Structures are given as structure tokens and as C-alpha cells.
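Shown next, in C-alpha cells, is the structure this report addresses.
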Ligand SMILES: [Zn+2]
Ligand SMILES: [Zn+2]
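In our numbering, the protein residues as written are 25 to 672.
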């Protein structure tokens with residue numbers, strides 16, 4: 025598990041850069057001088073060294089402003105699993121209101137807000153501002169259950185959960201019983217902190233997700249009103265809240281969407297959203313999310329603060345989960361559970377696509393017999409399944425359409441071709457150049473029963489422009505001759521059990537293999553005798569070869585699953601940290617699997633990065649690395665899946 029540190033800085037921009045260069049990541053920014061960073065597991069062994077940071081430190085060394093001090097206290101209590109006291113990120117981010125006067129990041133943000141405000145106002149004056157929020161249909165239960173539960177089309181302000189995300193927890197305190205006391209405010213603040221930390225730390229590293237907290241404590245005087253539909257219930261407190269946000273504005277905010285857009289534009293954050301916490305009557309409890317693609321304008325969630333959150337928050341992370349769940353809705357994730365309706369019916373979740381990239385909702389309980397724990401379901405688990413990840417704009421895995429099933433091996437030489445072997449020992453090929461989907465490899469005469477394939481580009485053209493090797497059921501290596509469409513045996517039966525080929529160009533290629541005794545052998549490049557293979561040591565579980573212009577790069581998996589690299593005619597371990605069950609190198613980029621999950625090797629930091637999401641398919645047996653953006657995998661169930669890289 026990653027570790028989290030609370031750090032202090034007087035130069036956030038440089039501190040952020042420094043943290044990233046040290047393989048850490050800022051997960052939450054609480055003020056201009058306080059932030060949370062996720063740091064590598066063993067700082068001492070990696071490049072990350074807290075003591076040597078120049079732009080931030082674990083103690084402030086300077087006076088903290090009120091917001092910074094409160095968030096610091098809240099964070100430390102949270103870290104001690106006590107949750108918080110006196111911890112709300114209380115800050116009214118209205119221009120010129122309540123800000124530190126010393127120059128700093130927040131002060132700059134306030135300036136930006138002011139200019140964004142003016143921009144918005146000028147747009148409003150010129151009539152070009154398109155921030156019209158359409159209220160959901162009145163007295164229609166499908167507002168919550170049909171319109172956006174099944175397929176969420178997030179607005180532009182929360183299209184993808186990537187980059188810097190401004191999160192504003194707006195705590196709406198009304199008169200009498202509708203007021204929040206400090207304890208409740210602290211509970212909300214602490215749970216929001218947990219939810220944001222979870223999402224930021226569980227996100228794809230490529231998403232560079234960082235939450236920028238700008239909370240608003242709002243006090244209104246509107247009394248409670250009986251209501252029977254979502255829109256009417258919301259209007260009771262929403263209109264006074266909009267008035268609160270509009271203080272000092274020449275043209276008041278008319279909609280929540282305008283406030284969200286103002287937050288986004290004013291802060292310079294990539295995306296922004298609001299979660300309202302209130303105690304007013306709400307026909308949907310505990311929470312609902314408002315998104316509306318047609319108007320491209322909504323993008324907020326409303327949570328009614330219920331007593332049971334207070335009862336449960338410390339044990340099953342209920343409020344944390346609700347905050348994270350609604351946040352995912354705002355960014356495009358669909359629900360995965362069925363809801364009993366008051367009329368006795370059931371509103372089923374949908375398998376249809378959701379989110380900006382229209383990713384299918386295959387973990388909906390209606391769509392799979394192998395439903396996995398996901399926070400878009402009703403269970404307490406703070407986990408996010410493969411499909412939900414794709415819906416909110418993170419990398420995910422998708423089954424390859426039309427691929428043969430019951431596969432036992434795959435190899436992807438580049439982005440143009442896929443080879444695979446099925447359980448009947450037949451080799452299949454998909455080629456962008458040939459088209460027409462997966463086809464059996466064209467083979468004449470004595471077709472051997474193959475259990476493994478390994479392919480590398482050789483750039484020679486022809487129908488199979490690859491160095492393509494296979495292993496027979498008898499462990500014998502074969503090489504495919506694309507001129508004659510035959511498999512040529514390369515040496516006697518050698519009982520090899522794993523084979524790996526790589527090439528840099530048509531003049532250079534390399535073939536390595538392992539046998540059941542764990543010996544690794546390298547092919548000399550010609551000949552069909554055992555003596556054409558040079559053997560190195562033993563006790564290895566696998567081998568993979570990549571090639572750069574400078575020569576081959578060979579990794580082996582040792583008995584303890586540690587990875588060794590080939591240097592000076594021997595394998596040296598611990599150069600590549602971590603343990604893997606299988607590896608696949610392309611050039612010098614390594615991917616691997618461990619306990620059914622996929623990992624990617626990071627050259628710069630000498631460590632493996634977990635690629636979340638794959639277990640949705642029952643675990644990954646092997647990964648095939650065809651280069652950046654072209655990574656495929658073989659599931660434990662013999663299916664071919666592709667790692668889909670989300671982009672901005
Ligand atoms: Zn939901
Ligand atoms: Zn899910």
C-alpha cells in the first residue's frame with residue numbers, strides 16, 4: 025500500500041514538480057501551503073527521500089493560516105484514524121473575501137477567480153453565456169433511476185477524472201434542525217478527505233489525478249418545505265445557496281452549473297464539481313447526482329446528511345463511500361445494482377455504455393455472473409472495477425471483439441499484429457494489413473501441435489513479416505517460414521517450455537528459451553542441433569528477450585520470482601525490483617503478471633507499477649507487450665483482452 029505524507033510548502037508549484045520527479049504524487053491540495061502526497065512504499069530504497077526535499081517538508085517552519093491549520097489538524101486526526109475535530113476546509117472562495125494577504129498560491133487563485141468572474145460577467149452581459157441548467161423532469165422517479173442512473177453522460181466540467189480536479193464540499197446549514205454542528209462538519213470533511221485520497225491514489229498514474237479542495241460553509245435561513253419530487257426538494261435550499269454564492273456579483277449565479285464552471289475557469293483546474301451536504305427533505309436518500317448531457321451543464325451531487333452516516337462512518341466507511349460513489353457518477357460512472365421501487369418493481373442497472381468514452385457497464389449485476397466488488401454497487405467495499413474505471417476516464421481492459429476463445433498463449437509483435445494459440449493447438453493471427461479479423465495461420469504440411477508462440481517484427485514483408493517461433497507439445501522449437509508457409513523444426517526435441525524472440529531489424533534477432541529444469545538457453549542463430557543452443561545456469565521460471573539497437577536485453581524470472589537481467593553471461597538479480605510470475609519485454613519496456621494482476625516496469629525508478637482493473641476478467645495469466653498503447657493479455661479463462669489507454 026502506498027504511504028501518504030502531509031507536506032508544507034511556500035512554493036507549491038516547485039514542490040509539486042519536485043514530488044513528481046521523486047516518483048511521488050500530490051493527491052490532495054488543501055491550501056496554498058498544505059498538501060497530501062502519495063510516496064513510494066519504501067522511501068529509503070527509492071529516489072523519494074523526505075529529508076532531502078527542497079520545496080516542502082513534514083513540518084511547516086512558518087506560520088500557517090487558519091485554513092491550513094484546520095486541514096492539518098484534520099489530516100493528522102484522520103491519519104490516526106480518529107477522524108477529525110475542528111477540521112473543515114472552511115474557506116469562502118469569493119473574490120477578496122477571507123484570503124491571506126501574503127502572496128501565495130491561494131492568493132493567486134483568488135486573483136484568477138476575480139478575472140474569471142469578470143469574464144463570466146462580460147459573457148453574461150453579452151448574452152453568450154450558456155450556463156442554463158435544465159431541471160430534471162418533475163415528479164418523475166426516472167429522473168434518478170432512469171435518466172442518469174443507467175447511462176451517465178458527464179458534463180464538460182467533469183468529463184474525465186484526470187488532472188487537477190477542484191472538489192468543493194458545500195455544507196448547507198439551515199435554521200434549527202437543518203443546521204450542522206461542528207462535529208458533523210468535521211465528519212463530512214474527514215470523509216471527503218478519505219474519498220479523495222482513495223480516488224487519487226487508486227487512479228492510473230497517467231491520470232495524474234489531484235484533488236484541489238475548496239470547501240464552502242454556507243448558512244441559509246430557508247425553512248424546511250414538504251416536497252414530492254427531486255426538483256422541488258432541491259429548489260428549496262438551492263436557490264438560497266446560489267444567492268450566497270452570488271454575494272457581490274453584478275449578475276447573480278442562476279444555476280449550480282454556473283458555479284461549477286466558475287470554479288473550473290477561475291481556478292484553472294482541469295475539472296470541477298460540487299457536492300452539497302444538507303439536511304433538507306430529499307425524496308432520494310442518501311444521495312443523487314445531477315448530470316445532463318443534453319444541456320452539458322449539470323455536474324454536482326446532493327447528499328442528505330443522515331443519522332446513520334454518523335452511526336456507521338467509523339466502521340464501514342459509509343459516508344466516504346457515498347462521497348466517492350457520487351463523485352464517480354459526476355464523472356460518468358453508472359450504477360451496478362438493482363433498486364427496488366416503491367411500487368414493487370425493480371429498476372435494473374444497465375450494461376450499456378456510460379461516461380465520456382461510452383464504456384460498457386459489464387459489472388452491473390444484470391450483466392455478469394462474476395460480479396466483483398465495486399463502489400458503484402451497494403456493498404461497503406471501496407474498490408473500483410475495470411468498467412467503472414473506464415467510465416470515469418481511467419485506463420481499463422476490454423475484451424477483443426472476434427478473438428478466438430480458449431486461448432493458451434498470445435504474442436503481440438507490434439501494433440499491427442496479434443498471434444495466439446488455442447487449446448486445440450491451432451495458431452491464429454490477426455493482422456491490420458490483412459484485415460478480416462482473426463484467421464488461422466496459413467500452414468502447409470506437417471502442422472505441429474503448438475503450445476506457445478513468440479513473434480518479433482523482421483520488416484521483410486510477406487504475409488507474415490515476423491520472426492515467428494513456436495513450441496510444440498513435445499517442447500520442440502519450430503520456426504515459421506513465411507515463404508513456404510511451414511513450421512521448420514529447429515533442433516531435436518529439447519523439452520523447452522517457454523520461448524521468447526526479439527528483433528531490432530531484419531539483420532538482428534534473438535531467441536531464448538527455458539526448460540522444465542529451469543535452464544535458460546540462447547539460440548546461436550543457425551543450425552538445428554542442441555549444440556546450437558548455449559545454456560546458462562538453471563533454476564529459472566521464465567525468460568523474455570527484448571532488443572534495442574545496442575543489442576539484446578534479457579530478463580529471467582528466478583525461483584523466488586525475482587527478476588534478473590542478463591549481463592556478462594550471467595543473470596544478476598535485484599536490478600529489477602519486485603516479483604513476477606511472467607514477463608514480456610518489448611525493446612527495453614517490460615510488462616509482467618503477478619498473482620493474476622498486471623504490472624508495468626518503470627525504468628526510471630526500477631520498480632513495478634500495478635495496473636488496476638484486470639481481475640474483472642478472472643485474473644490475467646499472461647501479458648503481451650506490443651509497445652505503448654498496444655498491450656494485450658490472456659485471462660485465466662482463456663480470453664484475449666486489451667489494455668485501453670484513456671487519453672485526455
Ligand atoms: Zn449511484
Ligand atoms: Zn464498477
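We put the CB at the ideal spot given by N, CA and C, even for glycine. Nothing here was measured: the structure is a model prediction, and the numbers come from that model.
Query: Buried or exposed (CB count within 10 angstroms, at least 16 for buried), residue 631; Result: buried
Query: Through-space distance from residue 449 to residue 254, alpha-carbon basis; Result: 59 Å
Query: Cα-Cα separation between residue 552 and residue 516, rounded to whole angstroms; Result: 7 Å
Query: At least three beta-carbon pairs within less than 8 Å, the stretch 638-654 to the stretch 613-625; Result: yes
Query: Residue 522 CB to nearest heavy atom of ligand 1 below 7 Å; Result: no
Query: Per-residue burial, residue 86 [other beta carbons within 10 Å of its own, 16 or more giving buried]; Result: exposed
Query: Alpha-carbon spacing of residue 614 relative to residue 564, whole angstroms; Result: 17 Å
Query: Cβ contact check for the stretch 235-249 and the stretch 213-227: 3 or more pairs under 8 Å; Result: yes
Query: Residue 600 versus 231, 492, 625, residue with shortest Cα-Cα distance; Result: 625
Query: Heavy atom of ligand 2 within 7 Å of residue 409 beta-carbon; Result: yes
Query: Residue from 354, 582, 595, 663 whose Cα sits closest to the Cα of residue 184; Result: 354
Query: Through-space distance from residue 312 to residue 627, alpha-carbon basis; Result: 43 Å
Query: Integer Cβ distance of residue 458 from residue 664, believed to fall under 8 Å; Result: Incorrect: roughly 17 Å between the Cβ atoms, too far for contact.
Query: Where residue 465 falls: helix, strand or coil (DSSP); Result: coil
Query: For residue 444, the nearest candidate out of 658, 544, 348 (CA to CA); Result: 658
Query: Distance cut-off 7 Å: residue 398 Cβ against heavy atoms of ligand 2; Result: yes
Query: Whether residue 524 touches residue 511 by CB criterion (8 Å); Result: no
Query: Within 8 Å, strictly: CB atoms of residue 610 and residue 650; Result: yes
Query: Backbone CA spacing between residue 127 and residue 667 [nearest angstrom]; Result: Only weak support is given to the placement of residue 127: the predicted model assigns it a pLDDT of 32, under 50, and the value that follows is read from those uncertain coordinates. Looking at the two C-alpha atoms, the distance is approximately 45 Å.
Query: Cβ-Cβ distance between residue 343 and residue 195 below 8 Å; Result: no
Query: Option nearest residue 547 by Cα separation, candidates 530, 503, 592; Result: 503
Query: Span separating the alpha-carbon of residue 162 from that of residue 256; Result: Bear in mind that a pLDDT of 27 at residue 162, under 50, signals an unreliable position, so the number given afterwards is only what the model happens to contain. So the alpha carbons of these two residues sit roughly 8 Å apart.
Query: Stretch-stretch touch, CB-based, cutoff 8 Å, three pairs: the stretch 199-210 with the stretch 40-50; Result: no
Query: Pair within 8 Å by beta-carbon distance, residue 100 and residue 31; Result: no
Query: Candidates 460, 33, 191, of which the one nearest residue 288 by Cα; Result: 191
Query: Any beta strand (DSSP E) of 3 or more consecutive residues that is wholly inside the stretch 508-534; Result: 510-513, 522-529
Query: Residue 306 to residue 567 span [Cα, whole Å]; Result: 60 Å
Query: Residue 395 CB to nearest heavy atom of ligand 1 below 7 Å; Result: no
Query: Helix, strand or coil at residue 349 according to DSSP, with G and I counted as helix; Result: helix
Query: Environment of residue 496 [buried if 16+ CB atoms lie within 10 Å]; Result: buried
Query: For residue 252, three-class secondary structure by DSSP; Result: coil
Query: heavy atom of ligand 2 below 7 Å from residue 423 C-beta; Result: no
Query: Anticipated Cβ contact below 8 Å, residue 324 with residue 301, distance rounded; Result: Contact doesn't hold; Cβ gap of about 12 Å is too wide.
Query: As assigned by DSSP and simplified to three states, the class of residue 604; Result: coil
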